[in-house]
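Take a look at the structure set out below.
Structure, rendered in structure tokens:
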């Protein structure tokens, strides 16, 4: 198969990964178009990281087929890897090297020529706002700087596909927003991105399309707004400290709600109408109408049980 | 038969270690410069007075001359073995350096080959520095002793492979004490280093002949003191055979450890 503009950048067909009796990824199929930001969401242990590790050849597939850039991944893995940039979940920066050396040595792994490499290092350090830290020890960098350097390092080979495994986990809000704006810049330049995350606001902001995974399978696929409309609706009503009378009322109206004990979450097509009805009655206090979010979709589909 | 996934790119892994080494070379240079001084002082001046002369290749030579090449052999063993055990393990397990490399067009085989050749290189650098010190006492016989450098690289590679096999199988870094106590220390003491093998009972001599340091010591002593013989060829063959067995084993075991 040859590569054309219409060829999906990634086509994964029935990817499966088992470790002994444990199935980490259980038949996952998806395609990613050029220029798109594609999200993989799911609770811990859903198989997100294993899926993307199979994409960049870190983890061998148990079965299923995988095409990147229109080429089957079994043959020319080295060429394919030279066209991918990866931000792994762990901090894999080289603590024995300085900021600039990290980029230089990593560029060496891609066999980049010296002159070309020097220019890219200068550009990437500016991009990551680390040009004043060029000779700093990476062990002394803040969490946000570490993440930006990992991103810069993943861009050293000017990849056509960027893979981000939980890029903002553990960052403070300032650092998260700074990283997001960098990722939006890259998207504006047309870079195709695949992202795993636990943060629904991150996925809503960055992803054109996403899948929600649980227990190694894809539950749903679509654009964030489509998924919200399809699975939750436009609005959600939250009722704090509910009395039993309100439960009875909702049941009487056969309205679907989630009962968390101290809080009811009501998903209803005509949320506004129901809300007006509720607050005009005895539930003026503690009743809140808010827009539905991806987090509602996520929790509805994957449940509220802890995954540990 | 195993198939290697090996391109010349392994040199990039070697270069990575060299870049790091250059940052701390001043500290790295101290042990190989000072160690022979300490040993020659303790064993040569202290113990040597009691020992006197030793018979080597039917010549009677001073004790310091006898042990000087063995000190180099021991350093070759230790440099490479420590590099591919403790240092490689830290890179693999704590620093996740290999995980980072596996997101690039490097294969596991190239990463491990680069590490092994770096271990061998460290042995050769150490040997070069020790040669400077030991030569200043006139204890090496030139030009034959120049062969110590390629021998250091070869012997270093042999011990680097042994170290990497340990790294591939140990659960935690503390477990390295086991191969050091059971493999490295006995060779250090009984590998023909500080006394001739002929002092050992016959069965112990046979055991010693199966160990790599014994052959490395024989090679180092042979080229340093100008005592070339066919036995050296046998020792060379032994090291080559060792590498051809344990290099593939190190690769296979590290693939098992790294590919998840």
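Chains as they are written, first to last, in this note's numbering: chain A, -7 to 300; chain B, 32 to 291. C-beta atoms are modelled at their ideal positions from N, C-alpha and C, and glycine is treated no differently.
Report task. Tell me, please, whether the CB atom of residue 55 of chain A is closer than 7 Å to any CB atom in chain B? Result -> Your numbering for residue 55 of chain A matches position 63 in the first chain. It does not; no Cβ of chain B falls within 7 Å.
Query raised in the report: Does the beta-carbon of residue 285 of chain B have 16 or more other beta-carbons within 10 angstroms, so that it is buried, or is it exposed?
Result: Taking the first residue of the second chain as 1, we reach residue 285 of chain B at position 254. With 16 or more Cβ atoms within 10 Å of its Cβ, residue 285 of chain B is classed as buried.
Report task. Just tell me which of B:232, B:207 and B:246 has its CA closest to the CA of residue 219 of chain B. Result -> As a position in the second chain, residue 219 of chain B is number 188, starting the count at 1. Closest option to residue 219 of chain B, Cα to Cα, is B:246.
Requested in this report: Evaluate the contact criterion for the segment 276 to 288 of chain A versus the segment 230 to 238 of chain A: three or more CB pairs, one atom per stretch, below 8 Å.
Outcome: yes
Requested in this report: Would you list, in sequence order, the uninterrupted beta strand (DSSP E) runs of no fewer than 3 residues that lie entirely inside the segment 161 to 214 of chain A?
Outcome: 184 to 189, 201 to 206 and 209 to 214
Report task. Identify which residue in B:83, B:54 and B:64 has its Cα closest to the Cα of residue 225 of chain B. Result -> Translated into positions along the second chain, residue 225 of chain B becomes position 194. Checking every option, the nearest Cα to that of residue 225 of chain B belongs to B:83.
Query raised in the report: Fully enclosed by the segment 83 to 140 of chain A, which alpha helix (DSSP H) runs are 4 residues long or longer?
Result: 91 to 101 and 106 to 119
Requested in this report: Check residue 137 of chain B in the structure and name its three-state DSSP category.
Outcome: Position 106 of the second chain holds residue 137 of chain B. Coil at residue 137 of chain B, not helix or strand.
Requested in this report: Name the residue from B:202, B:155 and B:196 whose alpha carbon lies nearest to the alpha carbon of residue 273 of chain B.
Outcome: Here residue 273 of chain B corresponds to residue number 242 of the second chain, with the count starting at 1. That would be B:196, whose Cα lies nearest to the Cα of residue 273 of chain B.
**Report entry** Contact with chain B by residue 318 of chain A, beta-carbon distance below 7 Å
**Finding:** Here chain A has residues from -7 to 300 only, and residue 318 of chain A is not among them.
**Report entry** For residue 186 of chain A and residue 138 of chain A, the rounded distance between their alpha carbons
**Finding:** Along the first chain, read from residue 1 onward, the residue named residue 138 of chain A stands at position 146. Along the first chain, read from residue 1 onward, the residue named residue 186 of chain A stands at position 194. Going by the C-alpha atoms only, they are around 20 Å apart.
Requested in this report: Return no unless some Cβ of chain B is closer than 7 Å to the Cβ of residue 100 of chain A.
Outcome: The sequence position of residue 100 of chain A within the first chain is 108, counting from 1. It does; some Cβ of chain B falls within 7 Å.
Query raised in the report: Under a three-way DSSP split, which group does residue 64 of chain A fall into?
Result: Here residue 64 of chain A is taken as the residue at index 72 of the first chain, counted from 1. Three-state result, residue 64 of chain A: strand.
Query raised in the report: What residues in the segment 37 to 56 of chain B bring their beta carbon closer than 7 Å to a beta carbon of chain A?
Result: 40, 43, 46, 47, 50 and 51
Query raised in the report: Using a beta-carbon distance below 7 Å, is residue 153 of chain B in contact with chain A?
Result: Mapped onto the second chain, residue 153 of chain B falls at position 122. With 7 Å as the cut-off, residue 153 of chain B does not count as an interface residue toward chain A.
Requested in this report: In angstroms with no decimal places, state the Cα-to-Cα distance between residue 250 of chain A and residue 236 of chain A.
Outcome: Within the first chain, residue 250 of chain A is the residue found at index 258, counting from 1. Within the first chain, residue 236 of chain A is the residue found at index 244, counting from 1. Roughly 14 Å separates the two Cα atoms.
Query - Interface flag, residue 140 of chain B vs chain A, CB-CB below 7 Å - result: Position 109 of the second chain holds residue 140 of chain B. False, the Cβ-Cβ gap to chain A never drops below 7 Å.
Query raised in the report: Distance, Cα to Cα, residue 67 of chain A vs residue 54 of chain B?
Result: The sequence position of residue 67 of chain A within the first chain is 75, counting from 1. The sequence position of residue 54 of chain B within the second chain is 23, counting from 1. In this model, residue 67 of chain A and residue 54 of chain B are separated by some 39 Å (Cα to Cα).
**Report entry** Cross-chain neighbours of residue 78 of chain A in chain B, by beta carbon under 7 Å
**Finding:** Taking the first residue of the first chain as position 1, residue 78 of chain A is located at position 86. Per Cβ cutoff of 7 Å: 134.
Report task. With 7 Å as the threshold, decide whether the Cβ of residue 126 of chain B is near any Cβ in chain A. Result -> Within the second chain, numbered from 1, the residue matching residue 126 of chain B stands at position 95. Yes, residue 126 of chain B lies at the interface with chain A (some Cβ there is under 7 Å from its Cβ).
Query raised in the report: Do you know whose CA, among A:165, A:183 and A:148, lies nearest residue 26 of chain A's CA?
Result: Taking the first residue of the first chain as 1, we reach residue 26 of chain A at position 34. Checking every option, the nearest Cα to that of residue 26 of chain A belongs to A:183.
Report task. Alpha carbon to alpha carbon, how far is residue 63 of chain A from residue 57 of chain A? Give it in angstroms, no decimals. Result -> Position 65 of the first chain, counted from the first residue, corresponds to residue 57 of chain A. Position 71 of the first chain, counted from the first residue, corresponds to residue 63 of chain A. Rounded to whole angstroms, residue 57 of chain A to residue 63 of chain A spans 11 Å at the Cα level.
Report task. Report yes or no: do the segment 69 to 81 of chain A and the segment 243 to 262 of chain A share at least 3 C-beta pairs separated by less than 8 Å? Result -> No, the segment 69 to 81 of chain A does not touch the segment 243 to 262 of chain A.
Query raised in the report: Alpha carbon to alpha carbon, what distance is there between residue 130 of chain B and residue 170 of chain B?
Result: Mapped onto the second chain, residue 170 of chain B falls at position 139. Mapped onto the second chain, residue 130 of chain B falls at position 99. Separation of residue 170 of chain B and residue 130 of chain B (C-alpha to C-alpha, rounded to the nearest whole angstrom) is 46 Å.
Report task. With DSSP collapsed to three states, give me the class of residue 150 of chain A. Result -> Taking the first residue of the first chain as 1, we reach residue 150 of chain A at position 158. If DSSP states are grouped into helix, strand and coil, residue 150 of chain A belongs with coil.
Report task. Could you tell me whether the segment 34 to 54 of chain B touches the segment 92 to 109 of chain A, where touching means 3 or more Cβ pairs closer than 8 Å? Result -> Flag = yes, the segment 34 to 54 of chain B and the segment 92 to 109 of chain A touch.
Report task. Jot down the residue ranges of each uninterrupted alpha helix (DSSP H) in the segment 101 to 155 of chain B, minimum 4 residues, whole runs only, in chain order. Result -> Under the rule that a run must span 4 or more residues, the alpha helix (DSSP H) segments found entirely inside the segment 101 to 155 of chain B read 128 to 132.
Query raised in the report: Does residue 137 of chain B have its Cβ less than 7 Å from a Cβ in chain A?
Result: Translated into the one-based positions of the second chain, residue 137 of chain B becomes position 106. So yes, residue 137 of chain B belongs to the interface.
Query - Heavy atom of the ligand ATP within 6 Å of residue 216 of chain A beta-carbon - result: Of the ligands one can find in the structure shown there are none, so the ligand ATP has no counterpart to examine.
Query - residue 164 of chain B - DSSP class collapsed to helix/strand/coil - result: Within the second chain, the letter at position 133 stands for residue 164 of chain B. Residue 164 of chain B falls in the helix class under three-state DSSP.
Query raised in the report: So the beta strand (DSSP E) residue 25 of chain A belongs to, where does it begin and stop?
Result: The residue you call residue 25 of chain A lines up with position 33 of the first chain. No beta strand (DSSP E) contains residue 25 of chain A, which DSSP labels as neither H nor E.
Report task. Tell me, please, whether the CB atom of residue 74 of chain A is closer than 7 Å to any CB atom in chain B? Result -> Taking the first chain and counting its residues from 1, the one referred to as residue 74 of chain A is at position 82. At least one chain B Cβ lies under 7 Å of residue 74 of chain A.
Query raised in the report: Applying a beta-carbon distance threshold of less than 9 Å, which residues of chain A neighbour residue 290 of chain B?
Result: As a first step, residue 290 of chain B is located in the second chain; it is residue number 259 there, counting from the start. Per Cβ cutoff of 9 Å: 50, 51 and 52.
Query raised in the report: Three or more C-beta pairs closer than 8 Å, one from the segment 133 to 146 of chain B and one from the segment 275 to 289 of chain B: is that the case here?
Result: Contact between the segment 133 to 146 of chain B and the segment 275 to 289 of chain B is present, because at least three Cβ pairs lie under 8 Å.
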